[in-house]
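See below for the structure under consideration.
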Amino acid sequence: MSCVHRAPAGLKLGVSLALILGLAALPAQDSWWALVVLPALFAVAMLARLELKALLVRLALGAPFLLGVASLSLFQAHGLRESLGSFTKSAICLLTLQLLGSTTPMPELLHTLRRLHVPELLCEVIALLSRYFSLLTDEARRMRRARAGRTLRASRVRLWLALGNSLGLLFIRTVSRAERVQTAMRSRGGA
Amino acid sequence: MHIPDGFLSARVALGYAALSSLGLGVACYRLRAQRDRGASVLLGVSAAFVFAAQMVNFPVAAGTSGHLVGSALAGALLGLPGALIVMSAVIIMQCFVFADGGVFALGANVFNMGLVGCVVGFCCYRLLCGAAPSPTRRVAAVAFAGWCATLAGALSCAGQLSLSGAARLTVVLPAMLGVHALIGVGEAIISALVVASVLRFRPELLEIGGQGGLAIRPRTRAVWAGLGLSVAVAALLAPLAYVAPDGFSRVTQALGLAAGGKPHSLAPLSEYGVPGIASGVLATVLAGCVGTLLLFGSCWLLALALVPRPPRPSDTEPSGVPVESSG
Chain C
1 MSCVHRAPAG LKLGVSLALI LGLAALPAQD SWWALVVLPA LFAVAMLARL
51 ELKALLVRLA LGAPFLLGVA SLSLFQAHGL RESLGSFTKS AICLLTLQLL
101 GSTTPMPELL HTLRRLHVPE LLCEVIALLS RYFSLLTDEA RRMRRARAGR
151 TLRASRVRLW LALGNSLGLL FIRTVSRAER VQTAMRSRGG A
Chain Z
192 MHIPDGFLSA RVALGYAALS SLGLGVACYR LRAQRDRGAS VLLGVSAAFV
242 FAAQMVNFPV AAGTSGHLVG SALAGALLGL PGALIVMSAV IIMQCFVFAD
292 GGVFALGANV FNMGLVGCVV GFCCYRLLCG AAPSPTRRVA AVAFAGWCAT
342 LAGALSCAGQ LSLSGAARLT VVLPAMLGVH ALIGVGEAII SALVVASVLR
392 FRPELLEIGG QGGLAIRPRT RAVWAGLGLS VAVAALLAPL AYVAPDGFSR
442 VTQALGLAAG GKPHSLAPLS EYGVPGIASG VLATVLAGCV GTLLLFGSCW
492 LLALALVPRP PRPSDTEPSG VPVESSG
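Chains as they are written, first to last, in this note's numbering: chain C, 1 to 191; chain Z, 192 to 518.
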């Protein structure tokens, strides 16, 4: 836990929102100014002792999509400058968001959302989602491995059928898990 | 379809954020009216299901792969307000934890994949299902609803990008629609397969969105259907209206929505002949209609192939529409 991790989530959220808002307000052709923020962002990443390599890999994973959207503005008056500018801008926004995501624990983020008067039901759903998504992702991965083991050389049609089938089964398991969770909550005095 | 930060103008981003929070507020209010604890647990775990399902890639063509969005599927399985909350929770989580889609563009993303996707998907599903749907009809309906929801989301995404001046409409509209017509086919097939297998093993689960705790009352069903159709039409017509700025500004003035989309980035459009653009858009819309009809037919074929035939030989299969569900 570095000092960046320990900083209040509301502060981090506010600062990154303000930064992203400011970057988004830059006109696309002059967004070279966005590069000014880059050293500060890297300093924060060093301070938080994040692995630089993992950060860059995640940035590179997001880059093709940014390029795709940016290339749509190639066909305008100052196309190349504009699309390069908006690519720079959005890449830096993405980096900011990744820093926020990797230094803010989910419960604190939820606490901040509650304080911002996000409806209680939505907060509950997000809390349950953050609790169960790794479980269900693991379950999906196990089912995929089992499927891969059983359909060694299947045709494409069989593969699709098996895929849809396992997703359907996953939903059925999801509903029974929800029933079990609810029973457990009731038995512990929950509503 | 996740719009990253830095592409939307402040006005567009804030406007769509207001729209989505309005929709979310209505959904939360409707669910709170019939609140029991089970609803939020089911919704939370189902959100995790949608999240996990989005991680499963399916092969599209030649090494590329796509993944499910799931708004129509969630609509069919959980009902409209529930699906809206589930999809929004998934999008918010993706934004803050995985930096997938921007935080400034969060409102627009929730609008595209949550509001438009769920409303269009759910209303297509409900309208096609009718009162007492047969399994075949359900599967066909969810497949077609998945395709429609994907395309409607792509349309509104293209509208947002061009409204904020990130790209010209004549470029972004065919690009988004072309790609998402293909992605939508994958979405349709996966949704149909999921619903078919749920129907085979636990068909009563498909009633969660219909009659269970998350039900909408039949009285309001027509309202939701009308709402969905109007959103669909609006998503279809917004780009067209944008091409003809006079009509659009007149409408916004008449509705008192002066702060809406001010067409200030329209200047580069006017040097091109508007008739040329209009006919291009018209051709796109026409091609879209023909493609939609073709796709609707294939959804029926898919459903006929997926749902096992009932053993009774007296069924009138060829017409496809079950007679008993017409009333």
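Note that beta-carbon positions come from the ideal geometry of N, C-alpha and C, so glycine has one too. Just so you know, these numbers come straight off a predicted model, no measurement behind them.
Is Z:Leu492 close to chain C, meaning its C-beta is less than 9 Å from at least one C-beta of that chain? By 1-based counting over the second sequence, the position of residue 492 of chain Z is 301. By this cut-off, Z:Leu492 is not an interface position.
Members of the stretch 110–123 of chain C that neighbour chain Z once the beta carbon cut-off is set at 7 Å: Pro119, Leu121 and Leu122
Own chain residues within Cβ distance below 7 Å of Z:Ser279, not counting five before or after: Sequence index remark: in the second sequence, residue 279 of chain Z carries index 88 (1-based). Around Z:Ser279: Leu215, Val301 and Gly305.
Start and end of the alpha helix (DSSP H) containing C:Ile172? To locate residue 172 of chain C, count along the first sequence from 1; it is residue 172. Here the alpha helix (DSSP H) through C:Ile172 covers Arg156 to Ser187.
Buried or exposed (CB count within 10 angstroms, at least 16 for buried), C:Ser155: The sequence position of residue 155 of chain C within the first sequence is 155, counting from 1. With fewer than 16 Cβ atoms within 10 Å of its Cβ, C:Ser155 is classed as exposed.
Does DSSP put C:His111 in a helix, a strand or coil? For the purposes of this step, residue 111 of chain C is taken as the residue at position 111 of the first sequence. In this structure, C:His111 counts as helix in the three-state DSSP scheme.
Please state if the CB of C:Arg131 and the CB of Z:Ala239 are separated by a distance shorter than 9 Å. Position 48 of the second sequence, counting from 1, holds the residue named residue 239 of chain Z. Position 131 of the first sequence, counting from 1, holds the residue named residue 131 of chain C. Yes, the pair counts as a contact, with Cβ atoms nearer than the cut-off.
So with CB distances below 8 Å, who are the chain D contacts of C:Thr174? This model lacks chain D altogether, as its protein chains are C and Z.
With 16 other Cβ atoms within 10 Å as the buried cut-off, status of C:Thr183: Indexing the first sequence from 1 puts residue 183 of chain C at position 183. Result: exposed.
Check the Cβ of Z:Ser388 against every Cβ in chain C and list those closer than 7 Å, keeping chain order. Counted from its first residue, the second sequence places residue 388 of chain Z at position 197. Going along chain C in sequence order, the residues near Z:Ser388 (Cβ under 7 Å) are Gly164, Asn165, Gly168 and Leu169.
Let me check understanding here. Comparing Cα to Cα, which of Z:Gln245, Z:Ala496, Z:Ser355 and Z:Gly293 lies closest to Z:Ala387? On the second sequence, residue 387 of chain Z is found 196 positions in, with the first residue counted as 1. Taking each of Z:Gln245, Z:Ala496, Z:Ser355 and Z:Gly293 in turn and checking the Cα distance to Z:Ala387, the smallest one comes out for Z:Ala496.
Give a yes or no on whether the minimum CB-CB distance between C:Thr104 and chain Z is below 9 Å. Translated into the one-based positions of the first sequence, residue 104 of chain C becomes position 104. It does: the Cβ of C:Thr104 has a partner Cβ on chain Z nearer than 9 Å.
Would C:Ser139 pass as an interface residue toward chain Z - the criterion being a Cβ-Cβ separation below 9 Å? Working through the first sequence from its first residue, we reach residue 139 of chain C at position 139. Looking at the sequence shown, residue 139 of chain C is not Ser but Glu. Output row for C:Glu139: interface = yes.
Around the Cβ of Z:Asp291, are there at least 16 other Cβ atoms within 10 angstroms (buried) or fewer (exposed)? One-based indexing of the second sequence puts residue 291 of chain Z at position 100. Buried, because 16 or more other Cβ atoms sit within 10 Å of the Cβ of Z:Asp291.
Cβ contact (3+ pairs, closer than 8 Å) linking the stretch 161–176 of chain C and the stretch 139–152 of chain C: yes
Threshold first: 4 residues or longer. Then list the alpha helix (DSSP H) segments lying entirely within the stretch 251–327 of chain Z, N to C. Taking only runs of at least 4 residues, the alpha helix (DSSP H) segments lying wholly in the stretch 251–327 of chain Z are 262–269, 271–289, 297–300 and 308–320.
Consult DSSP for C:Leu47 and reduce its assignment to one of helix, strand or coil. In the first sequence, the residue the question calls residue 47 of chain C occupies position 47. Helix, per DSSP.
For Z:Gly298, verify whether its CB is less than 8 Å away from any heavy atom of the ligand MG. Among the components modelled here there is no ligand, and therefore nothing to report on the ligand MG.
Of the choices Z:Glu395, Z:Gly482 and Z:Val310, whose alpha-carbon is the least far from that of Z:Leu368? By one-based count along the second sequence, residue 368 of chain Z stands at place 177. The shortest C-alpha separation from Z:Leu368 is found at Z:Gly482.
To the nearest angstrom, how far is it from the Cα of C:Ile20 to the Cα of Z:Ala340? Locating residue 20 of chain C in the first sequence gives position 20, counting from the first residue. Locating residue 340 of chain Z in the second sequence gives position 149, counting from the first residue. Looking at the two C-alpha atoms, the distance is approximately 29 Å.
State the Cα-Cα distance for the pair Z:Ala331 and C:Leu41, rounded to the nearest angstrom. Translated into positions along the second sequence, residue 331 of chain Z becomes position 140. Translated into positions along the first sequence, residue 41 of chain C becomes position 41. C-alpha separation (whole angstroms): 50 Å.
Would you kindly report the start and end of the unbroken alpha helix (DSSP H) that includes Z:His193? Residue numbering aside, residue 193 of chain Z sits at position 2 when the second sequence is read from its first letter. For Z:His193, no alpha helix (DSSP H) segment is defined, and its DSSP state is neither H nor E.
Count the CB pairs spanning the stretch 99–107 of chain C and the stretch 274–288 of chain Z that are closer than 8 Å, and state whether there are at least three. Here the stretch 99–107 of chain C makes contact with the stretch 274–288 of chain Z; the two share three or more CB pairs at distances below 8 Å.
Please return the same chain residues whose Cβ sits closer than 6 Å to the Cβ of C:Arg49, not counting the five positions on each side in sequence. Here residue 49 of chain C refers to the residue found at position 49 when the first sequence is read from its first residue. Once the five neighbours on either side are set aside, the close Cβ partners of C:Arg49 are Ser2.
With DSSP collapsed to three states, give me the class of C:Leu11. The residue labelled residue 11 of chain C in the question sits at position 11 within the first sequence. Here C:Leu11 sits in helix by DSSP.
Just the C-alpha distance for C:Thr112 and C:Cys123, rounded to the nearest angstrom, thanks. Taking the first residue of the first sequence as 1, we reach residue 112 of chain C at position 112. Taking the first residue of the first sequence as 1, we reach residue 123 of chain C at position 123. Approximately 10 Å, taken between the alpha carbons.
Find the nearest neighbour of C:Gly68 within the set C:Ala91, C:Leu56, C:Leu13 and C:Arg188, judged by alpha-carbon distance. Here residue 68 of chain C is taken as the residue at index 68 of the first sequence, counted from 1. The residue with the shortest Cα to Cα distance from C:Gly68 is C:Ala91.
Check the Cβ-Cβ distances between C:Trp210 and every residue of chain Z, and say whether any is below 9 Å. This structure gives no information on residue 210 of chain C, because the portion of chain C shown stretches from 1 to 191.
Are the Cβ atoms of Z:Ala263 and Z:Gly321 separated by less than 9 Å? On the second sequence, position 72 is the one that residue 263 of chain Z refers to. On the second sequence, position 130 is the one that residue 321 of chain Z refers to. Not closer than 9 Å, so no.
Considering C:Leu72, what are the terminal residues of the alpha helix (DSSP H) in which it resides? For the purposes of this step, residue 72 of chain C is taken as the residue at position 72 of the first sequence. Per DSSP, C:Leu72 belongs to no alpha helix (DSSP H) and is neither H nor E.
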